[in-house]
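This report refers to the structure that appears directly beneath it.
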Amino acid sequence: MLHRTVKVLNSEGLHMRPADKLVRTAVGFQSTIELEREGQIADCRSIISLLTLGAMQGCELTLRAQGPDADAAIAAISHLFESQFNENQSNIQQP
Amino acid sequence: MLPDTGNSLDVHARMLELQGIAVSPGVAIGKALVFDREGYSIARCLVSPEESDGEWERLGVAVELANAKLEASRDKTTASWGHRLGEIFSAQQQMLLDPRIHSEMELLIRKKHYSADYAVSQVFAKYAAAFRRASSSFLADRASDVGDVERLLLESLSGKPTATIHELPHEAIVVSHDLTPGETASFDASKVLGICTEAGGPGGHTAIVARGMEIPAVVGVGNFLHYIRSGEEVIVDGNLGLIIVSPDDATRDRYLQRRRTRQSIAEQLQEIRDLPATTSDGVRIELMANVEFPQETQTCLDRGADGVGLYRTEFLYLGHDSEPTEEEHYQAYLQVVRDMQGRPVVIRTLDLGADKMGLVRPEEPENNPFLGLRSIRLSLRNPALFRIQVRAILRAACAGDCRIMFPMVTTLDELRSARFLLRSVSEDLLAEAVHIPCAVQVGMMVEVPAAVLMLDRFIDEIDFVSIGTNDLTQYTLAVDRSNDAVADLYQACDPAVLRLIQRTHQIVSERGKSTSVCGEMSNNPAHALLLVGMGIRTLSLTPAAIPIIKKAIRSVTIGQCEAMAWRALRLSTAREVEAFLMNQLAGLVPEIVLQA
Chain G
1 MLHRTVKVLN SEGLHMRPAD KLVRTAVGFQ STIELEREGQ IADCRSIISL
51 LTLGAMQGCE LTLRAQGPDA DAAIAAISHL FESQFNENQS NIQQP
Chain E
1 MLPDTGNSLD VHARMLELQG IAVSPGVAIG KALVFDREGY SIARCLVSPE
51 ESDGEWERLG VAVELANAKL EASRDKTTAS WGHRLGEIFS AQQQMLLDPR
101 IHSEMELLIR KKHYSADYAV SQVFAKYAAA FRRASSSFLA DRASDVGDVE
151 RLLLESLSGK PTATIHELPH EAIVVSHDLT PGETASFDAS KVLGICTEAG
201 GPGGHTAIVA RGMEIPAVVG VGNFLHYIRS GEEVIVDGNL GLIIVSPDDA
251 TRDRYLQRRR TRQSIAEQLQ EIRDLPATTS DGVRIELMAN VEFPQETQTC
301 LDRGADGVGL YRTEFLYLGH DSEPTEEEHY QAYLQVVRDM QGRPVVIRTL
351 DLGADKMGLV RPEEPENNPF LGLRSIRLSL RNPALFRIQV RAILRAACAG
401 DCRIMFPMVT TLDELRSARF LLRSVSEDLL AEAVHIPCAV QVGMMVEVPA
451 AVLMLDRFID EIDFVSIGTN DLTQYTLAVD RSNDAVADLY QACDPAVLRL
501 IQRTHQIVSE RGKSTSVCGE MSNNPAHALL LVGMGIRTLS LTPAAIPIIK
551 KAIRSVTIGQ CEAMAWRALR LSTAREVEAF LMNQLAGLVP EIVLQA
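Top line first, the protein sequences correspond to chains G and E.
This note's numbering puts the first residue of the first sequence at 1, with every later residue one more than the last.
This note's numbering puts the first residue of the second sequence at 1, with every later residue one more than the last.
Shown next as structure tokens:
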């Protein structure tokens, strides 16, 4: 199983929109993908379990993936965290 | 409690009788409207095992329908407001299709034979509750998203808008696990025929509101939501604490007959409305009303109340999200004082626990709220909040005979601090040239045994005393009567409580001041006669009970009451006292005993 530590950078934390994007990304992979916060584990295909983590800005999570495309899954999801789920970008786009 | 039916569906075929706690008298017959914990109506809870596959398919269809609706909302919102807002609906879609939620719902439908609606409400309510409990406000806000998705899914299942407890589609008997203060406060009294809940006790807000609105209610029935579906006929017997689901013809006829008899007794009682509550040998007993809402004054006058002996002000705080303004307090008090046309009105200051006021952080709940920061303690700790209420009471006092009463006073220091604040508020108002009366009577509630033991020190600093028998019983016997496990130990007629009442009356009357009793004891004819026999001359009770208590008082002599009290005070257990009083009442006023 591959794992990596990711950090919530966007100001509003892992709320509805970022969690939605995370699920959309996760369902594109065959691997099982999980996020863990202080012993609590969330399935990345389930938005409700991601929200239950209550991960706010600055929170560190362990990302884990197991399966044929685990490498790519870890890379794609880490990228989402690093790019702050494009949350800030869409702010700028607003008129 | 519940019959073991093997298959729970059998119970629908025949009558089911359940015992709960009677908290608001009267009988209601009507169609049930079952509400889940989020306040949404549910068609029915269980299906037969053969129907489970059908329910699962029905849920699948509803999910597709709800998904299409969310998609339409998303597109429409995105077009008008941009991606960022549109994505909220996309996230709600994700919640609707969430694999974890679906596997939990499938388990409930296939293994436990829940209806699709009930499975939806159970699973979504679980997450909404978990989010609300969470310490971060970030998650608490998500509870409303969960609620939105739940409601949409329930509407897709039933094919019609889901009724909420705030807007009933038709007259109904409200059936629920429990009701929050917000839900009860926004009831449409013209549509709620009766109330029955799984949880709750005699002192809970459901009980208080039901009595205030004169809606028959039975609470604390235990788990029974599984056995009832919306639309089924239900009888709520608020006198005996019974719930009857799908009554047979004989039972329904019996209840209809009893209702007619009761109406005719009520009409007879109405004839003595304008006569005073005087014993047959001429001792006048003041019968005051306990009220919750300003609108109740009309009921008080209709029932012939001598005044308002207890105006509970808590609902000013509970109905709203924000704290009430001085003007909101003032308008409510002014209405009551004016409507009572010169009759005395006793306004009790805030009597709530900190937990009910949103002043306790949810992550640090009080271990023991009844022994915690509540009532006068809470007011003294929050002088800004307290001053607003006291200002409004003093201003309203110009309109009639308005008195102020402090609840749950335990120590002399508390009484002095409250009086100090009262004086300082009066001085402020005078300095602002606001018109207030030169003197307002100040009283305290006796609810804590310590106050009874020290009453000789309190008495010179107050004008009147009112005994709150509900809390006095709870604090004397160390019983939380909302706790089902010990509720039976709560006995207002326990000799220990009677001795405290007797001692209170003795100390107060020695100084030539008056004691009233404003707890539930006053609502019970046998208890009321006992109190009169002990020397109490003012009773404050729920308006609905005034006619029957007046009838009881007019049927007896003061000597009979005194003899009854003399003997009751020599008994050793609550059970003996209760049995003796019932026996006495049957002898003295048989016509009202038959009514019960």
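Every residue, glycine too, gets a C-beta built ideally from N, C-alpha and C.
Computed from a prediction, not measured in an experiment: that's the story for all the values here.
Three-state secondary structure (DSSP) at residue i?
i: residue 402 of chain E; result: strand
i: residue 31 of chain E; result: strand
i: residue 105 of chain E; result: helix
i: residue 490 of chain E; result: coil
i: residue 75 of chain G; result: helix
i: residue 146 of chain E; result: helix
i: residue 9 of chain G; result: coil
i: residue 92 of chain E; result: helix
i: residue 35 of chain G; result: strand
i: residue 174 of chain E; result: strand
i: residue 163 of chain E; result: coil
i: residue 2 of chain E; result: In this prediction, residue 2 of chain E has a pLDDT of 42, which is less than 50 and means its spatial position is unreliable; nothing more can be read from the coordinates.
i: residue 17 of chain E; result: strand
i: residue 569 of chain E; result: coil
i: residue 348 of chain E; result: strand
i: residue 113 of chain E; result: coil
i: residue 259 of chain E; result: helix
Flag residue i as yes if its beta-carbon sits less than 9 Å from any beta-carbon of chain G, otherwise no.
i: residue 127 of chain E; result: yes
i: residue 90 of chain E; result: yes
i: residue 64 of chain E; result: no
i: residue 146 of chain E; result: yes
i: residue 95 of chain E; result: yes
i: residue 10 of chain E; result: Any reading at residue 10 of chain E needs caution, since the residue's pLDDT is 41, under 50, leaving its predicted position unreliable; the model's value is listed next. No, no contact with chain G.
i: residue 580 of chain E; result: no
i: residue 84 of chain E; result: yes
i: residue 471 of chain E; result: no
i: residue 450 of chain E; result: no
i: residue 150 of chain E; result: no
i: residue 273 of chain E; result: no
Hey, would you say residue i sits closer than 9 Å to residue j, going by beta carbons?
i: residue 62 of chain G; j: residue 5 of chain G; result: yes
i: residue 34 of chain E; j: residue 262 of chain E; result: no
i: residue 112 of chain E; j: residue 287 of chain E; result: no
i: residue 216 of chain E; j: residue 200 of chain E; result: no
i: residue 211 of chain E; j: residue 29 of chain E; result: no
i: residue 631 of chain E; j: residue 324 of chain E; result: Residue numbering for chain E in the displayed model covers 1 to 596; residue 631 of chain E lies beyond these limits and cannot be assessed.
i: residue 437 of chain E; j: residue 214 of chain E; result: no
i: residue 353 of chain E; j: residue 405 of chain E; result: no
i: residue 535 of chain E; j: residue 560 of chain E; result: no
i: residue 553 of chain E; j: residue 277 of chain E; result: yes
i: residue 574 of chain E; j: residue 493 of chain E; result: yes
i: residue 333 of chain E; j: residue 395 of chain E; result: yes
When we look at the beta-carbon of residue i and count the other beta-carbons within 10 Å, is it buried (16 or more) or exposed?
i: residue 21 of chain G; result: buried
i: residue 414 of chain E; result: buried
i: residue 234 of chain E; result: buried
i: residue 41 of chain E; result: buried
i: residue 75 of chain E; result: exposed
i: residue 17 of chain E; result: exposed
i: residue 20 of chain E; result: buried
i: residue 219 of chain E; result: buried
i: residue 391 of chain E; result: buried
i: residue 302 of chain E; result: exposed
Any beta carbon of chain E sitting closer than 9 Å to that of residue i?
i: residue 19 of chain G; result: yes
i: residue 90 of chain G; result: Because residue 90 of chain G carries a pLDDT of 45, less than 50, the predicted location of this residue cannot be relied on, and no value is offered for it.
i: residue 3 of chain G; result: no
i: residue 48 of chain G; result: yes
i: residue 93 of chain G; result: At residue 93 of chain G, the pLDDT of 40 sits below 50, so the modelled position is not reliable; the number obtained from the coordinates is stated separately. True, the Cβ-Cβ gap to chain E drops below 9 Å.
i: residue 6 of chain G; result: no
i: residue 32 of chain G; result: no
i: residue 24 of chain G; result: yes
i: residue 51 of chain G; result: yes
i: residue 37 of chain G; result: no
i: residue 71 of chain G; result: no
i: residue 45 of chain G; result: yes
Going by C-alpha distance, which of the options is nearest residue i?
i: residue 121 of chain E; options: E:153, E:94, E:130 and E:103; result: E:153
i: residue 518 of chain E; options: E:589, E:445 and E:497; result: E:445
i: residue 70 of chain G; options: G:28, G:85 and G:60; result: G:28
i: residue 402 of chain E; options: E:386, E:468 and E:335; result: E:335
For a contact meaning CB atoms closer than 8 Å, what does residue i contact in chain B?
i: residue 142 of chain E; result: This model lacks chain B altogether, as its protein chains are G and E.
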